[in-house]
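Residue numbers (my numbering), protein chains in the order written: chain A, 1 to 156; chain B, 1001 to 1156. Positions of the beta carbon are idealized from the N, C-alpha and C atoms, including for glycine.
Protein chains: 2
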Amino acid sequence: MDGIIGSNVLTQVAFIVRDVEQARIKFAEFLGVSPPAVVDGGKFEITGTQYQGKPAPDANCRMAFFDVGPQVQIELIQPNGAKSVWQDYLDEHGEGLHHIAFGVKGMDDKIRASEKFGLSCVQRGKYGNGGGEYAYLDARKDLKCYIELLENYSPA
Amino acid sequence: MDGIIGSNVLTQVAFIVRDVEQARIKFAEFLGVSPPAVVDGGKFEITGTQYQGKPAPDANCRMAFFDVGPQVQIELIQPNGAKSVWQDYLDEHGEGLHHIAFGVKGMDDKIRASEKFGLSCVQRGKYGNGGGEYAYLDARKDLKCYIELLENYSPA
């Protein structure tokens, strides 16, 4: 079967954190790796971030990534204070596990299929380097968390 | 580097749910797979569950597992109402992402190393079939979630 998004391979497990500089040090020590670089979410001119269906030029975050398997990463996300799916979580719940991610092909179709399944797209945009796009689906009722869809424009 | 537990390969991402029968149907539909069997946590005579350092003969759960990559599973856990790390989460937070898991060798040593790192062991026991053991570490301050260590007794 294809499922709703045509993929069932987990690619990321993501945390919302208050201080990504500090959190990445602790994760690195626990995992036994060097602390990864902190990456900026990118400029709105590239990301075109949409939050709740409207342009969100101020929404941004800083991230750090750890490989924790051949295809899986842990992602740490520090929201920047502007309204976003990241900041909402921090304000409502504090730090913690926020979403799991899957790679897809054909973002618009996969968002539509997810909406038909009962999920709602709460934020979407392009990666800060323009190399792909993401969408966050509110799946809290049925799948107990947010789901992120990732589409990489680079050839696999 | 070895890190604190000698592993940095993620093996499970686990959710606390109120109704594992219902949740597994939704996850199966989303992932495009058949609904997996629901597995009982097992009898205390085998599990020897310890919660907060004391025997917890009533603590139990029902689980369902999905393969979401070559080495990674999604785990759904429905607590049974007795005090446990699972029930505590449901009572305090409701349903949601609870822990991430890593395989280890030498459970007692790895728990000690984790405690030295600043985590605390809040629950441990054997699998319901006696084939291995688990320990939950409260890592919410530094790693923003619970961490589960899993040691499988079977030869790899």
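Review point. Does the beta carbon of B:I1025 come closer than 7 Å to any beta carbon on chain A?
Key: no
Check your understanding: What number of angstroms, rounded off, separates the C-alpha of A:Q52 from the C-alpha of A:Q123?
Key -> 6 Å
Review point. So is A:K141 buried or exposed if we call it buried at 16+ other beta carbons inside 10 Å?
Key: exposed
Check your understanding: Taking any Cβ of chain B, which residues in the stretch 91-114 of chain A have a Cβ under 7 Å from it, in chain order?
Key -> E95, G96, L97 and I100
Review point. Can you find at least 3 beta carbon pairs, one from the stretch 90-103 of chain A and one from the stretch 8-19 of chain A, that sit closer than 8 Å?
Key: yes
Exercise for review: Throw me the rounded Cβ distance for the A:C61 and A:P36 pair, which I believe falls under 8 Å.
Suggested key: Not really, about 15 Å apart at Cβ, beyond 8 Å.
Exercise for review: May I have the straight-line CA-CA distance separating B:Q1157 from A:V72, to the nearest angstrom?
Suggested key: This structure cannot settle anything about residue 1157 of chain B, because the visible part of chain B is limited to 1001 through 1156.
Practice item. Answer yes or no: does any C-beta atom of chain B fall closer than 7 Å to that of A:F15? Key: yes
Exercise for review: Measuring only between beta-carbons, confirm whether B:N1008 sits less than 7 Å from chain A.
Suggested key: yes
Exercise for review: Would you list the residues sitting across from B:M1063 in a DSSP beta bridge?
Suggested key: B:V1039 and B:I1077
Practice item. Tell whether a beta-carbon distance below 7 Å holds between A:S114 and A:I4. Key: yes
Check your understanding: Are the C-beta atoms of B:F1044 and some chain A residue less than 7 Å apart?
Key -> no
**Study point:** alpha helix (DSSP H) segment containing A:I111, residue limits
**Key:** M107 to F117
Check your understanding: Are the beta-carbon atoms belonging to A:T11 and A:G103 less than 7 Å from one another?
Key -> yes
Practice item. For A:V68, I'd like the list of residues in its chain whose CB is within less than 6 Å of its CB, leaving aside the five on either flank, ordered along the chain. Key: I74
**Study point:** Three-state secondary structure (DSSP) of A:D138
**Key:** strand
Practice item. Using a Cβ-Cβ cut-off of 7 Å, state whether B:Q1022 counts as contacting chain A. Key: no
Review point. Closer than 7 Å, Cβ to any Cβ of chain B: which residues of the stretch 121-145 of chain A, in chain order?
Key: D142, L143, K144 and C145
Review point. Can you find a C-beta in chain B that's less than 7 Å from the C-beta of A:Q52?
Key: no
Exercise for review: For the beta strand (DSSP E) containing A:T100, list its first residue and its last residue.
Suggested key: Reading off the sequence shown, one finds Ile at residue 100 of chain A, where the question assumed Thr. Looking at the DSSP string, the run of the beta strand (DSSP E) that includes A:I100 is G96 to G103.
Exercise for review: Using 10 angstroms around the beta-carbon of A:N129, count the other beta-carbons present and answer buried if the total reaches 16, otherwise exposed.
Suggested key: exposed
Point to revise | Proximal residues of chain A, C-beta to C-beta of B:D1019 below 7 Å | key: By Cβ distance, chain A contributes nothing, its closest Cβ being about 11 Å from B:D1019, past 7 Å.
**Study point:** Exposure of B:R1112, with buried meaning 16 or more beta-carbon neighbours within 10 Å
**Key:** exposed
Practice item. Inspect the beta-carbon positions of B:C1121 and B:L1143 and report whether they are closer than 7 Å. Key: no
Exercise for review: Run down chain B in chain order and give the residues with a C-beta less than 7 Å from the C-beta of A:V72.
Suggested key: L1010, G1069 and V1072
Check your understanding: Can a CB atom of chain A be found closer than 7 Å to the CB of B:L1031?
Key -> yes
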